[in-house]
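Numbering (the working numbering), first residue to last: 40 to 214. Below is one structure, written out as structure tokens, with a few remarks after it.
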């Protein structure tokens, strides 16, 4: 990401333009709030910029960025849920106007995704929204490829159960 002309600014700008939409959508699937997803995505890019000199020359910036963004999103959800538990209130209502995955009954998919855990939603987002390989997802989570495959297989099974065993979906064909 280094560029002798401007200390990496041009390369970073290109990386930002390329990856921002992908990162914000993945983070959204964890936090389920578009404004928070944008804030977390900006924070992840800021951290990438701050660590640009410490990354090895051929580092996978996409994987590093996704790992940071997903971890920030999970941390946000944990802190939000902890604060809500201490206040004794229920979790906040989710905006029903935000669509889930195109091509499948959006409302049913959204409700099924909400019933999944944060890690499952993150895995599904990284694999199907970001089209990352199992190795890339493993890099983000710090786990070996077989573990990621097992986690994803289980996440898909839970999603199918939540959707009432929907057959013939793109998700069913993936496992």
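Positions of the beta carbon are idealized from the N, C-alpha and C atoms, including for glycine.
7 angstroms Cβ cutoff met for residue i and residue j
{"i": "residue 147", "j": "residue 64", "result": "no"}
{"i": "residue 102", "j": "residue 66", "result": "no"}
{"i": "residue 87", "j": "residue 104", "result": "yes"}
{"i": "residue 117", "j": "residue 179", "result": "no"}
Coarse secondary structure for residue i, derived from DSSP in three states
{"i": "residue 105", "result": "helix"}
{"i": "residue 172", "result": "coil"}
{"i": "residue 148", "result": "helix"}
{"i": "residue 198", "result": "helix"}
{"i": "residue 117", "result": "helix"}
Nonlocal neighbours in the same chain, by C-beta distance under 7 angstroms from residue i, ignoring five residues either side
{"i": "residue 128", "result": "Bear in mind that a pLDDT of 48 at residue 128, under 50, signals an unreliable position, so the number given afterwards is only what the model happens to contain. So the list is empty, once near-sequence residues are dropped."}
{"i": "residue 154", "result": "201"}
{"i": "residue 115", "result": "70, 75, 79"}
{"i": "residue 99", "result": "178"}
Residue i versus residue j: straight-line alpha-carbon distance, rounded
{"i": "residue 55", "j": "residue 183", "result": "27 angstroms"}
{"i": "residue 84", "j": "residue 50", "result": "13 angstroms"}
{"i": "residue 61", "j": "residue 186", "result": "23 angstroms"}
{"i": "residue 195", "j": "residue 70", "result": "19 angstroms"}
{"i": "residue 202", "j": "residue 149", "result": "10 angstroms"}
{"i": "residue 82", "j": "residue 192", "result": "30 angstroms"}
{"i": "residue 74", "j": "residue 68", "result": "12 angstroms"}
{"i": "residue 91", "j": "residue 197", "result": "38 angstroms"}
{"i": "residue 93", "j": "residue 151", "result": "40 angstroms"}
{"i": "residue 52", "j": "residue 59", "result": "10 angstroms"}
{"i": "residue 199", "j": "residue 111", "result": "27 angstroms"}
{"i": "residue 89", "j": "residue 72", "result": "26 angstroms"}
Exposure label - residue i; buried when at least 16 CB within 10 Å
{"i": "residue 159", "result": "buried"}
{"i": "residue 57", "result": "exposed"}
{"i": "residue 181", "result": "exposed"}
{"i": "residue 177", "result": "buried"}
Close-in-space but distant-in-sequence residues of the same chain around residue i (CB under 8 angstroms, 5 per side omitted)
{"i": "residue 113", "result": "69, 157, 158, 161"}
{"i": "residue 165", "result": "65, 105, 109, 171, 175, 176, 179"}
Proximal residues to residue i (C-beta, below 6 angstroms), its chain only, five neighbours per side dropped
{"i": "residue 190", "result": "162"}
{"i": "residue 188", "result": "173"}
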